[in-house]
Structure formats: structure tokens, C-alpha cells
Amino acid sequence: MPLVTRNIEPRYVCRQTIPNTIRSELECVTNISLANIIRQLGSLSKYAEDVFGELFVQAGVFAVRVNTLGERVDRLQVKVTQLDPKEEEVSLQAITQKKAFHSNLTQDQQLFCRPSLPLPVQETYLTCNPPPPLNNLSQYRDDGKDALKFYTDPSYFFDLWKEKMLQDTKDIMKERRKHRKEKKDNQNMRTLNPRKIKTRKDEWERLKMGEEFVVPKNDMGESLEGLNGSIGSGEGCYSPDGLDQSTGSYAFDPGSPLPPPAPDDFLPPPPPDMAYHDGQYGASTQKRTSVLSPTHPPPAPPMPSTAPIGTRPNLAPPPAPPPPPPSPGFGIPPPPPSGFDSSPPTPPSSSAYPSPPAPPPPSYQASISPPPPPSLPQGGGAPPPPPPPPPPGPPPPTSGPPPPSFSIEAPPPLKSTQAQPEAPADAHSDLLSAIRQGFNLRKVEEQKEQEKKDNYGNDVAAILSRRIAVECSDSEDDSSELGDDDWSE
Amino acid sequence: MSIQDDPVQREIHQDWANREYIEVITSSIKKIADFLNSFDMSCRSRLATLNEKLTALERRIEYIEARVSGFEGIHRKVLFT
Numbered sequence: 005m006p007l008v009t010r011n012i013e014p015r016y017v018c019r020q021t022i023p024n025t026i027r028s029e030l031e032c033v034t035n036i037s038l039a040n041i042i043r044q045l046g047s048l049s050k051y052a053e054d055v056f057g058e059l060f061v062q063a064g065v066f067a068v069r070v071n072t073l074g075e076r077v078d079r080l081q082v083k084v085t086q087l088d089p090k091e092e093e094v095s096l097q098a099i100t101q102k103k104a105f106h107s108n109l110t111q112d113q114q115l116f117c118r119p120s121l122p123l124p125v126q127e128t129y130l131t132c133n134p135p136p137p138l139n140n141l142s143q144y145r146d147d148g149k150d151a152l153k154f155y156t157d158p159s160y161f162f163d164l165w166k167e168k169m170l171q172d173t174k175d176i177m178k179e180r181r182k183h184r185k186e187k188k189d190n191q192n193m194r195t196l197n198p199r200k201i202k203t204r205k206d207e208w209e210r211l212k213m214g215e216e217f218v219v220p221k222n223d224m225g226e227s228l229e230g231l232n233g234s235i236g237s238g239e240g241c242y243s244p245d246g247l248d249q250s251t252g253s254y255a256f257d258p259g260s261p262l263p264p265p266a267p268d269d270f271l272p273p274p275p276p277d278m279a280y281h282d283g284q285y286g287a288s289t290q291k292r293t294s295v296l297s298p299t300h301p302p303p304a305p306p307m308p309s310t311a312p313i314g315t316r317p318n319l320a321p322p323p324a325p326p327p328p329p330p331s332p333g334f335g336i337p338p339p340p341p342s343g344f345d346s347s348p349p350t351p352p353s354s355s356a357y358p359s360p361p362a363p364p365p366p367s368y369q370a371s372i373s374p375p376p377p378p379s380l381p382q383g384g385g386a387p388p389p390p391p392p393p394p395p396p397g398p399p400p401p402t403s404g405p406p407p408p409s410f411s412i413e414a415p416p417p418l419k420s421t422q423a424q425p426e427a428p429a430d431a432h433s434d435l436l437s438a439i440r441q442g443f444n445l446r447k448v449e450e451q452k453e454q455e456k457k458d459n460y461g462n463d464v465a466a467i468l469s470r471r472i473a474v475e476c477s478d479s480e481d482d483s484s485e486l487g488d489d490d491w492s493e
Numbered sequence: 072m073s074i075q076d077d078p079v080q081r082e083i084h085q086d087w088a089n090r091e092y093i094e095v096i097t098s099s100i101k102k103i104a105d106f107l108n109s110f111d112m113s114c115r116s117r118l119a120t121l122n123e124k125l126t127a128l129e130r131r132i133e134y135i136e137a138r139v140s141g142f143e144g145i146h147r148k149v150l151f152t
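The listed protein sequences derive, respectively, from chains Z and H.
Heads up, the first sequence is in the working numbering, so the first residue is 5 and it goes up one at a time.
Heads up, the second sequence is in the working numbering, so the first residue is 72 and it goes up one at a time.
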């Protein structure tokens, strides 16, 4: 709906109710109309002044530019007359070695943001109701996010785009590294062709033995021939790739589904967060989750353990990009989260669950504050219920909201119940502790990375768009050099 | 008849005159508003063409300056305002 920039105040001159006591109604109407006309003239003059002011400011800016241009032209004139063709030394080397001319391109940024609104429109916005003061509640949040961002987040789309750009740049860098490695290998070892043929036979032989044995040999295959491409390893790699890139050849084993979901739960928080959210808030329209969402529709309780696992491996290598996504624009958890969380867990028995699941899912996104472990109902891994809940780190995104198997305890007693189930699960405790430690380390790293990226801040929207330009340039060597320059900035 | 209707008729005539007066004023207000809008539009379009010419000139001057002063290793990065 287009907004009128300047609205002249009393729109209808004559429409006004006349008090009943007056006798000469016609004259009354006339006088009222005349008064309204005067008001209209007043607002008209105010807007006229506004219009001319804007034009004047723009013209002033141009005048300044014209003056500077004139000065430069004069200087150039003087310099050109001083040029002497004989003095100049033009060497062929200079032409080729010197860098080509790069002009300063000043692109306009932040054109349509709040401060650039014209004054009358800003005043119109001021007359509207402000959003409710939900930020008063953010002190009660465990994950440290702005409560108002769940209601209305003006920077949501920018953050979305920024994450996507970062992800794209990293993916492309990795692809290039892979290509470089492959090329080097191709140059170094020229006996690859026979190898490829052998791997296929080997794989068929492995399959003969039984698919159960495929997993360990896949590792071997990947380590040896992963560089050659995913021919040998691709068959064995069952990875529900939501990612479009060739992340299937990443070192992480898709065979990990075999061990209980416990280790998977402790993957770096951001990817699980993404996966978790994708699985749960499938209805949310976040495009960033397009990276992950295809793999998880809001899964049933038993399923999530396997589905997210597949995607998480792919995300494990780039833990860095996901951290920024969760922390800044948390468009993911807007209204749907609470609603979503409440609806799926209703099947589970306890009614106390809907409330705890709601805070935890968004809570561990930030990975800043240890999310309340007790409140983490994890129904995904039914056999090892204890391992998932205890993790101080990112709770198992797999299980997520539908924790039917766990629906027994209420949130406060959860801590105690965690202690109880932990006792029987001694086999996993070592794993858990090790993973937790590794996790904490990763958390710190990720926080540092997050801080660095926050310091880059939104000023670097330009750099982001430039990086995309880097991506577009397909020449590997040149672009890699440029990319290094960019990264080293 | 005319005597009886005089006060009412006079009132009505007067009312008509007043309304015509008001109508003249409001239509001139509308003309002023219309003029302001079209002036604003034309001014903006002229300023925009001016802006284009200025940027083109600025880029040409930069190039000429670089050539005159011998390409002193100018490798500027893309700036964003």
C-alpha cells in the first residue's frame, strides 16, 4: 500500500458536526469551512518548505561536487602543460609489471534504511503505535537474545543474507582447495585410473560380505580416494545431503549413525541448532535453513536421531559460519518456535513439557549460556536417554521437541533424573565427558569467531558483496589470490 | 411571495456565494499542491541527470589523473559509502 508522503491536514473542509444550539446553520458551515481552509494552507506551506529544503540540500551537495571537479580539472590542466614527452621513460616492463588502473568505485549502500526516510514519512511512522516493549523480558531469557527480535526484527533479512553469503564464500573456498588438491594429486600420481576401477570392485566385494561391514572400509576408501572424487566413496556414503555442494566427501563418517546418538548430540552447537530448528520449525520460511531443511522435515521422535546426524556431519567441518547465524538475526525462532514446541510435544504425556522445550530449543542456539540441560527432553535416542540430557553443551537437536520417551520427569526434577539415568549408562559416560570437554573448547572458539565476525560488523556489507564477486570469478588461481587478500584484510 | 422568501432567499443566496468563494480557494490550494508535486518531480529528475553526469566526469578525471601521474601503483579497493 503506497503511503502518501505529505498529507495536508484537514482533508474534508466542510465535514463537521454543528452544535444544535445555533440558528444560522449555513453561516456556521461557511465559517467552519473557512477555518479549515486556513489550516490546510498552513500544512501546505509546511510541506512546501520541506520539499524545497530537500531539493536545496541535494543541489548543495552537487554544487560541492562540481566545485571539486572544477578544481581537479584546473590542476590537471596545469599538469598536462608541464608534461614533456621526451622526459617520460616508457619501458615495456613497466607496462606489463605495473598493476592496471583500478578506479575507486563508490557504491551506494544503505539506501533504504530507517534514517534515510524522508522527514514527513518518519513523522507518520512516529504517530503509529510502537511495538510492545518485549525487550523488558529479555533479561529473563537464558540464551541472551533480544526478546523483541522474536516479535519483530528489522535486521532479519540482512542477517539472513549475510549468513548465506558467508556460507557461500566458505563453501567455494573449500571447493577450490579440494580442486587444488585433486590437481596436485593428479599431477603427482598418474596411476589413478587403475585405482578407480579397483575401488569399484572392492566395493562390490565388500557389499557381498554384508552391508554392515561397509562402514569401516568406507573410511579407508575415503582417505585414499576421497581426493579422486567421490566415485568410490559416494556409493557407500549415505548422507542425506541437504547441501547442494559436494560435501559428501567430507571426512565425517555417515557411518556414525551406528553408535548411539549421544556423540552426535555433542556436535558443534550451531549446526545442530540449525538442524534442530529445521527439523522442528519446518514451517518457518528461513532460507538459510534451505541448507539444512530438506533433510529434516519436522521428524517423528525416533527419526530425528538419524536424520540430523546425516546433515550434521556435513556441517561439522564448517563450524564457523553457523555460529554467526544463530547469534545475530535469530529469525529462526520467531513466533513459530513456541507454538511449534507446544504442539508436537502434546502427544507426550507430561503437560509440563511444552514449556521447557520451548526455551531450550532456542536457548542452545546461542551456545553462549549453557542451556538448561534438565529441560531437554530427548526422545530421539531411546536406549541412552541419559546421555542426551546431561550435555551442558548443545542438547541433542535430534530429539528436540518430541521427546515422548522422556516425557516422564518434570523440568526441575530433571536434573536429579539425569543423575539417575547417568549411573546406568557408564559405557557412554567417558564418551560424554570427552565430548563435553571438546565441546567446551569448541564453544570458546566459536565465541571468539563470533566476536570477530561481530566486530567486522555490518559495515562490511560491502566486503560481503565483494566476496560474492570473488566467488563469481571462476579462475581458481587468480581468485584464490584475491581471496587470500580479502581474508587477510 | 418575494417578501416572505426574502430572508430565506437572501440566506440561500448568501450561502451560495460563500460556497463559491470557498470552492475557488480550495481549487487554488489544489493547484498549488499539484504544482509543488510536479516541481518536485522535475527537480529530482534534473538533479539525477546532473548526478549521472557528475559521476561520469569524476571517473574520467580519475582516470586522466592516473595516466598523467604515471600509474603510481594505484591499486585501490572498492569503497562503499
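A virtual CB, placed ideally from N, CA and C, is assigned to each residue, including glycine.
Only a predicted model underlies this, so the values are computations on that prediction, with no experimental measurement involved.
Query raised in the report: N24/Z to V33/Z, Cα distance in whole Å?
Result: Walking along the first sequence from the start, residue 24/Z turns up at place 20. Walking along the first sequence from the start, residue 33/Z turns up at place 29. When rounded, the separation of the alpha-carbon atoms in N24/Z and V33/Z is 12 angstroms.
**Report entry** Element boundaries [alpha helix (DSSP H), containing L59/Z]
**Finding:** Locating residue 59/Z in the first sequence gives position 55, where the first residue counts as 1. Per DSSP, the continuous alpha helix (DSSP H) segment holding L59/Z begins and ends at 29–86.
Query raised in the report: Does P406/Z come within less than 8 angstroms of chain H when only Cβ atoms are used?
Result: By one-based count along the first sequence, residue 406/Z stands at place 402. For P406/Z, the predicted structure reports a pLDDT of 40, less than 50, and the residue's modelled location is therefore unreliable. A value from the coordinates is still provided. For P406/Z, the closest Cβ of chain H is not nearer than 8 angstroms.
**Report entry** chain H contacts from the segment 61–83 of chain Z (Cβ-Cβ distance under 7 angstroms)
**Finding:** For the segment 61–83 of chain Z, the set of positions with a beta-carbon nearer than 7 angstroms to some beta-carbon of chain H reads Q62, A63, F66, R69, V70, L73, R76, V77, L80, K83 in chain order.
Query - Three-state secondary structure assigned by DSSP to P119/Z - result: Numbered from 1 along the first sequence, position 115 holds the residue referred to as residue 119/Z. Taken through DSSP and simplified to helix, strand or coil, P119/Z comes out as helix.
Requested in this report: Count the C-beta pairs between the segment 147–156 of chain Z and the segment 26–42 of chain Z that are closer than 8 angstroms, then say yes if the count reaches three, no if not.
Outcome: No, the segment 147–156 of chain Z is not in contact with the segment 26–42 of chain Z.
Report task. Could you pull the start and end residues of the alpha helix (DSSP H) that Q20/Z belongs to? Result -> Locating residue 20/Z in the first sequence gives position 16, where the first residue counts as 1. Taken as a continuous stretch (DSSP letters only), Q20/Z belongs to no alpha helix (DSSP H), as it is neither H nor E.
Query raised in the report: If you draw a straight line from the C-alpha of D86/H to the C-alpha of P78/H, how long is it?
Result: Residue mapping note: residue 86/H aligns to position 15 of the second sequence, counting from 1. Residue mapping note: residue 78/H aligns to position 7 of the second sequence, counting from 1. About 12 angstroms.
Query raised in the report: Among D172/Z, R181/Z, L211/Z, L59/Z, which has the Cα closest to the Cα of M112/H?
Result: Your numbering for residue 112/H matches position 41 in the second sequence. Ranked by how close their Cα comes to the Cα of M112/H, the residues D172/Z, R181/Z, L211/Z, L59/Z have L59/Z in first place.
**Report entry** Residues, ordered as in the chain, of the segment 74–99 of chain H that lie near chain Z by beta-carbon distance below 9 angstroms
**Finding:** Of all residues in the segment 74–99 of chain H, only E82, I83, Q85, D86, N89, R90, Y92, I93, I96, T97 come within less than 9 angstroms of chain Z when Cβ atoms are compared, listed by chain position.
Report task. Could you tell me which chain Z residues have their CB closer than 7 angstroms to the CB of D105/H, listed as they occur along the chain? Result -> If you number the second sequence from 1, residue 105/H lands on position 34. Residues of chain Z passing the Cβ test: none, with the nearest at roughly 11 angstroms.
**Report entry** Selection of the segment 128–142 of chain H by Cβ proximity to chain Z, strictly under 7 angstroms
**Finding:** Contact annotation: in the segment 128–142 of chain H, residues whose CB is within less than 7 angstroms of a CB in chain Z are L128, E129, R130, I132, E133, Y134, I135, E136, A137, V139, F142.
Report task. Could you tell me whether the segment 10–23 of chain Z touches the segment 63–75 of chain Z, where touching means 3 or more Cβ pairs closer than 8 angstroms? Result -> Note that the segment 10–23 of chain Z does not touch the segment 63–75 of chain Z; fewer than 3 beta-carbon pairs, one per stretch, sit closer than 8 angstroms.
**Report entry** Cβ-based neighbour list, R76/Z, same chain, cut-off 7 angstroms, excluding 5 preceding and 5 following
**Finding:** Within the first sequence, numbered from 1, the residue matching residue 76/Z stands at position 72. Hits under 7 angstroms: none found.
Report task. Measure how close the beta-carbons of L73/Z and I132/H come, nearest whole angstrom, since I'm counting them as under 8 angstroms. Result -> Numbered from 1 along the first sequence, position 69 holds the residue referred to as residue 73/Z. Numbered from 1 along the second sequence, position 61 holds the residue referred to as residue 132/H. Contact holds; Cβ gap of about 7 angstroms.
Query - Within chain H, the residues that L87/Z reaches when beta carbons sit closer than 8 angstroms - result: Walking along the first sequence from the start, residue 87/Z turns up at place 83. Result: V139.
Requested in this report: Go through its chain and collect everything with a Cβ distance to M142/Z's Cβ below 6 angstroms, but skip five positions before and after it.
Outcome: The residue labelled residue 142/Z in the question sits at position 138 within the first sequence. The question names Met, but residue 142/Z in the sequence shown is Ser. Take S142/Z, set aside five residues on each side of it, and the residues of its chain with a beta-carbon closer than 6 angstroms to its own are D150, A151, in chain order.
**Report entry** Candidates L138/Z, S37/Z, T173/Z, G57/Z, of which the one nearest T156/Z by Cα
**Finding:** For this step, residue 156/Z is matched to residue 152 along the first sequence. Checked all of L138/Z, S37/Z, T173/Z, G57/Z; the closest Cα to T156/Z is L138/Z.
Requested in this report: Mark I42/Z as exposed unless 16 or more other C-beta atoms lie within 10 angstroms of its C-beta, in which case mark it buried.
Outcome: Start at 1 with the first residue of the first sequence, and residue 42/Z comes out as number 38. So I42/Z ends up on the exposed side.
Query raised in the report: Which of the residues in the segment 30–53 of chain Z, read from start to end, lie with their CB under 7 angstroms from any CB of chain H?
Result: Taking a C-beta cut-off of 7 angstroms against chain H, the contacting residues of the segment 30–53 of chain Z are L30, T34, S37, L38, I41, Q44, L45, L48, A52, listed in chain order.
Report task. Report the neighbours of V17/Z on chain H: residues whose CB is nearer than 8 angstroms to its CB, in chain order. Result -> Your numbering for residue 17/Z matches position 13 in the first sequence. Correct list: I93, T97.
Query raised in the report: Exposed or buried, which one is D105/H when buried takes at least 16 other CB atoms within 10 Å?
Result: Residue 105/H sits at position 34 when you count from the first residue of the second sequence. Answer is exposed; the Cβ neighbour count stays below 16.
Report task. Please work out which residues of its chain come closer than 8 angstroms, Cβ to Cβ, to N89/H, disregarding the five sequence neighbours upstream and downstream, and give them in chain order. Result -> The residue you call residue 89/H lines up with position 18 of the second sequence. None.
Query raised in the report: Which value, in whole angstroms, describes the spacing of the CA atoms of P135/Z and E127/Z?
Result: Here residue 135/Z refers to the residue found at position 131 of the first sequence. Here residue 127/Z refers to the residue found at position 123 of the first sequence. Cα to Cα, the separation comes out at about 16 angstroms.
Query raised in the report: By Cβ distance below 6 angstroms, which residues in the same chain neighbour R10/Z in space, the five residues on each side in sequence not counted?
Result: Stepping through the first sequence from its first residue, residue 10/Z is reached at position 6. The answer, listed in chain order, is Y51, P124.
Query raised in the report: For L125/H, which of D54/Z, G57/Z, F56/Z, V70/Z has the nearest alpha-carbon?
Result: For the purposes of this step, residue 125/H is identified with residue 54 of the second sequence, where counting begins at 1. Taking only the C-alpha atoms, the option nearest L125/H is V70/Z.
Report task. Alpha carbon to alpha carbon, how far is P122/Z from G57/Z? Give it in angstroms, no decimals. Result -> By one-based count along the first sequence, residue 57/Z stands at place 53. By one-based count along the first sequence, residue 122/Z stands at place 118. Roughly 11 angstroms separates the two Cα atoms.
Query raised in the report: Shorter than 8 angstroms from the beta carbon of I22/Z to some beta carbon of chain H?
Result: Residue mapping note: residue 22/Z aligns to position 18 of the first sequence, counting from 1. With 8 angstroms as the cut-off, I22/Z does not count as an interface residue toward chain H.
Requested in this report: Could you give the DSSP three-state label for K182/Z: helix, strand or coil?
Outcome: Here residue 182/Z corresponds to residue number 178 of the first sequence, with the count starting at 1. Three-state result, K182/Z: helix.
Query - Selection from C132/Z, K153/Z, E13/Z, N35/Z that minimises the alpha carbon distance to G46/Z - result: Locating residue 46/Z in the first sequence gives position 42, counting from the first residue. For the options C132/Z, K153/Z, E13/Z, N35/Z, the alpha carbon positioned closest to that of G46/Z is the one of E13/Z.
Query raised in the report: The alpha helix (DSSP H) with K153/Z in it runs from where to where?
Result: Walking along the first sequence from the start, residue 153/Z turns up at place 149. Where K153/Z is concerned, the enclosing alpha helix (DSSP H) starts and stops at 152–155.
Requested in this report: Rounded to whole angstroms, what's the CA-CA distance from K153/Z to P119/Z? Just pull it up for me.
Outcome: Numbered from its first residue, the first sequence carries residue 153/Z at position 149. Numbered from its first residue, the first sequence carries residue 119/Z at position 115. K153/Z and P119/Z have their C-alpha atoms some 20 angstroms from each other.
**Report entry** N498/Z versus E136/H, Y134/H, E94/H, residue with shortest Cα-Cα distance
**Finding:** Here chain Z has residues from 5 to 493 only, and residue 498/Z is not among them.
Query raised in the report: Does the Cβ of I83/H have 16 or more other Cβ atoms within 10 Å, making it buried, or fewer, making it exposed?
Result: Residue mapping note: residue 83/H aligns to position 12 of the second sequence, counting from 1. With a threshold of 16 other beta carbon atoms within 10 Å, I83/H falls short and is exposed.
Query raised in the report: Going along chain H in order, which residues have a C-beta closer than 9 angstroms to the C-beta of I12/Z?
Result: Here residue 12/Z refers to the residue found at position 8 of the first sequence. Chain order gives the chain H residues near I12/Z as I100, A104, where near means a beta carbon separation below 9 angstroms.
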